[in-house]
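Peer 1:
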Amino acid sequence: MTNKSEAAKVIDFPKASVTCAICPWARACLDQAFNPAQDENRAQRCSAPLKRNQHIIRQGDELEYLYVLRSGSAKSYFDSSDGLEQIVAFHYPGDLLGFDAIGEGRHQSSIIALETAALCRVPYREAEAAWLEAPKLWTEIMRAAARQMHDKNNHALLLGQKSAAARFASFLLDVSARLAARGCSRTEFNLSMPRQDIANYLSLAVETVSRLFGDLQSNGVIAVDRRFVRIESFERLRAIAGDGGGAAKHAHSG
Numbered sequence: 000m001t002n003k004s005e006a007a008k009v010i011d012f013p014k015a016s017v018t019c020a021i022c023p024w025a026r027a028c029l030d031q032a033f034n035p036a037q038d039e040n041r042a043q044r045c046s047a048p049l050k051r052n053q054h055i056i057r058q059g060d061e062l063e064y065l066y067v068l069r070s071g072s073a074k075s076y077f078d079s080s081d082g083l084e085q086i087v088a089f090h091y092p093g094d095l096l097g098f099d100a101i102g103e104g105r106h107q108s109s110i111i112a113l114e115t116a117a118l119c120r121v122p123y124r125e126a127e128a129a130w131l132e133a134p135k136l137w138t139e140i141m142r143a144a145a146r147q148m149h150d151k152n153n154h155a156l157l158l159g160q161k162s163a164a165a166r167f168a169s170f171l172l173d174v175s176a177r178l179a180a181r182g183c184s185r186t187e188f189n190l191s192m193p194r195q196d197i198a199n200y201l202s203l204a205v206e207t208v209s210r211l212f213g214d215l216q217s218n219g220v221i222a223v224d225r226r227f228v229r230i231e232s233f234e235r236l237r238a239i240a241g242d243g244g245g246a247a248k249h250a251h252s253g
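Residues 0 to 253 (my numbering) make up the sequence shown, in order.
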């Protein structure tokens, strides 16, 4: 666990300047359920770029919007009773954010940008009202909910049953698979999160994560240059993860 950032700031949404028609992640966007080609007001929901460490959602906030991450990346975390944060998920373009508040009406965790990012938002009341008009919207929400529940269960198993090396290898395979599902390279990628966040997410010491980067590189499994990672051997990485290949094939939205 790490101390939460006091500098993080809730974002303000200025007038949008990008429409769904040119959004590279339009297929994943909730606004597709509203037929944005016929409703420009609904189509224009894209925020100006977020800066690193800007909050999208804060734990305890009332549910107002659902969000789709359009570019960049983010992390979800919750605050413990002693003021520390525990990271529970990382998010990539196309991921649905904010539906954790649907049951209780308040968000159970905070979401913060890890880098320059942009997102689109849909007012929740509007989405609710569109149930009969656009069942596709709720189908997508339920699919996203199922995927995220699956991810949470896998994360719990990862922390409870795997060694430090297996956790770390599984993490790299998961990032590779998620980026590949978005049309990016499965072999070479930049990690948007610092090693401290990786350690937090995997419940490891930062020193352990640094050692694992070094061990995998010296053994020819990966190549590392700061946050750049190139996977040299998926077979060996899967063997370390104790995975028969499922992690690399698992393409999901966070």
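We put the beta carbon where it would ideally sit given N, CA and C, even for glycine.
Determine the direct distance from the alpha carbon of residue 232 to that of residue 221, and round the result to whole angstroms.
Peer 2: Taking the first residue of the sequence shown as position 1, residue 221 is located at position 222. Taking the first residue of the sequence shown as position 1, residue 232 is located at position 233. Distance between the alpha carbons of residue 221 and residue 232 is about 7 Å.
Peer 1: My understanding is that residue 125 touches residue 71, with C-beta atoms under 8 Å, so please give their C-beta distance in whole angstroms.
Peer 2: Here residue 125 refers to the residue found at position 126 when the sequence shown is read from its first residue. Here residue 71 refers to the residue found at position 72 when the sequence shown is read from its first residue. The pair is not a contact, with the Cβ atoms about 25 Å apart (cut-off 8 Å).
Peer 1: Find the nearest neighbour of residue 118 within the set 177, 49, 74, 181, judged by alpha-carbon distance.
Peer 2: Taking the first residue of the sequence shown as position 1, residue 118 is located at position 119. Comparing Cα-Cα distances from residue 118 to each of 177, 49, 74, 181, the minimum goes to 49.
Peer 1: So the candidates are 106, 95, 162; which of them puts its Cα closest to the Cα of residue 145?
Peer 2: Locating residue 145 in the sequence shown gives position 146, counting from the first residue. Checked all of 106, 95, 162; the closest Cα to residue 145 is 95.
Peer 1: Buried or exposed: where does residue 255 fall if 16 or more other Cβ atoms within 10 Å of its Cβ makes it buried?
Peer 2: This structure cannot settle anything about residue 255, because the visible part of the chain is limited to 0 through 253.
Peer 1: Counting Cβ pairs closer than 8 Å, one from the stretch 203 to 213 and one from the stretch 153 to 168, do we hit at least three?
Peer 2: Yes: the two stretches touch, three or more of their Cβ pairs being nearer than 8 Å.
Peer 1: Using 10 angstroms around the beta-carbon of residue 128, count the other beta-carbons present and answer buried if the total reaches 16, otherwise exposed.
Peer 2: For the purposes of this step, residue 128 is taken as residue 129 along the sequence shown, with counting starting at 1. By the 10 Å Cβ count, residue 128 comes out exposed.
Peer 1: What does DSSP give as the partner residue(s) for residue 228 in the beta ladder?
Peer 2: Within the sequence shown, the letter at position 229 stands for residue 228. Answer is 188, 223.
Peer 1: Work out the CA separation of residue 234 and residue 186 for me, nearest whole Å.
Peer 2: Here residue 186 is taken as the residue at index 187 of the sequence shown, counted from 1. Here residue 234 is taken as the residue at index 235 of the sequence shown, counted from 1. About 12 Å.
Peer 1: If you run the structure through DSSP and keep just helix, strand and coil, what is residue 37?
Peer 2: Looking up residue 37 in the sequence shown gives position 38. At residue 37 the pLDDT is 46, less than 50, meaning the model places this residue with poor confidence and gives no usable figure here.
Peer 1: If you run the structure through DSSP and keep just helix, strand and coil, what is residue 103?
Peer 2: The residue given as residue 103 occupies position 104 in the sequence shown. Residue 103 falls in the coil class under three-state DSSP.
Peer 1: Give me the DSSP bridge partner(s) of residue 121.
Peer 2: Here residue 121 refers to the residue found at position 122 when the sequence shown is read from its first residue. DSSP lists 65 as partners of residue 121.
Peer 1: Please name the residue, chosen from 218, 163, 188, that lies closest to residue 198 on a Cα-to-Cα basis.
Peer 2: Within the sequence shown, numbered from 1, the residue matching residue 198 stands at position 199. Minimum Cα distance to residue 198 is reached at 163.
Peer 1: Do you know offhand how far residue 176's Cα is from residue 91's?
Peer 2: What you label residue 176 is simply residue 177 of the sequence shown in a count that begins at 1. What you label residue 91 is simply residue 92 of the sequence shown in a count that begins at 1. Cα to Cα, residue 176 sits roughly 11 Å from residue 91.
Peer 1: With distances taken Cα to Cα, identify the nearest neighbour of residue 77 among 188, 87, 123.
Peer 2: Locating residue 77 in the sequence shown gives position 78, counting from the first residue. Closest by alpha carbon: 87.
Peer 1: Taking just the CA atoms, how far does residue 122 sit from residue 194?
Peer 2: For the purposes of this step, residue 194 is identified with residue 195 of the sequence shown, where counting begins at 1. For the purposes of this step, residue 122 is identified with residue 123 of the sequence shown, where counting begins at 1. Answer to the nearest angstrom: the Cα atoms are 35 Å apart.
Peer 1: What is the DSSP secondary structure of residue 260, reduced to helix, strand or coil?
Peer 2: There is no way to answer for residue 260, as the model of the chain reaches only from 0 to 253.
Peer 1: Return helix, strand or coil for residue 21, following the three-state DSSP convention.
Peer 2: As a working mapping, residue 21 is identified with position 22 in the sequence shown. Only weak support exists for where residue 21 lies, its pLDDT of 49 falling under 50; the coordinates are left without a value.
Peer 1: Taking DSSP as the reference, what is the three-state secondary structure of residue 145?
Peer 2: Taking the first residue of the sequence shown as position 1, residue 145 is located at position 146. Here residue 145 sits in helix by DSSP.
Peer 1: Is the beta carbon of residue 190 less than 8 Å from the beta carbon of residue 205?
Peer 2: On the sequence shown, position 191 is the one that residue 190 refers to. On the sequence shown, position 206 is the one that residue 205 refers to. For residue 190 and residue 205, no; Cβs fall outside 8 Å.
Peer 1: Given 8 Å as the limit, is there contact between the stretch 148 to 155 and the stretch 177 to 184, that is, 3 or more CB pairs closer than that?
Peer 2: No, the stretch 148 to 155 does not touch the stretch 177 to 184.
Peer 1: On the DSSP bridge assignment, give the partners of residue 112 in chain order.
Peer 2: Residue 112 sits at position 113 when you count from the first residue of the sequence shown. Residue 112 pairs with 73.
Peer 1: Measuring alpha carbon to alpha carbon, tell me which of 54, 82, 156 ends up nearest residue 75.
Peer 2: Position 76 of the sequence shown, counting from 1, holds the residue named residue 75. Checking every option, the nearest Cα to that of residue 75 belongs to 54.
Peer 1: Where residue 116 and residue 67 are concerned, what is the direct C-alpha to C-alpha distance, given to the nearest angstrom?
Peer 2: Counting from 1 along the sequence shown, the entry for residue 116 is found at position 117. Counting from 1 along the sequence shown, the entry for residue 67 is found at position 68. Approximately 11 Å, taken between the alpha carbons.
Peer 1: To which residues of the same chain is residue 60 closer than 6 Å at the C-beta, ignoring the five residues directly before and after it?
Peer 2: The residue labelled residue 60 in the question sits at position 61 within the sequence shown. The residues are 106.
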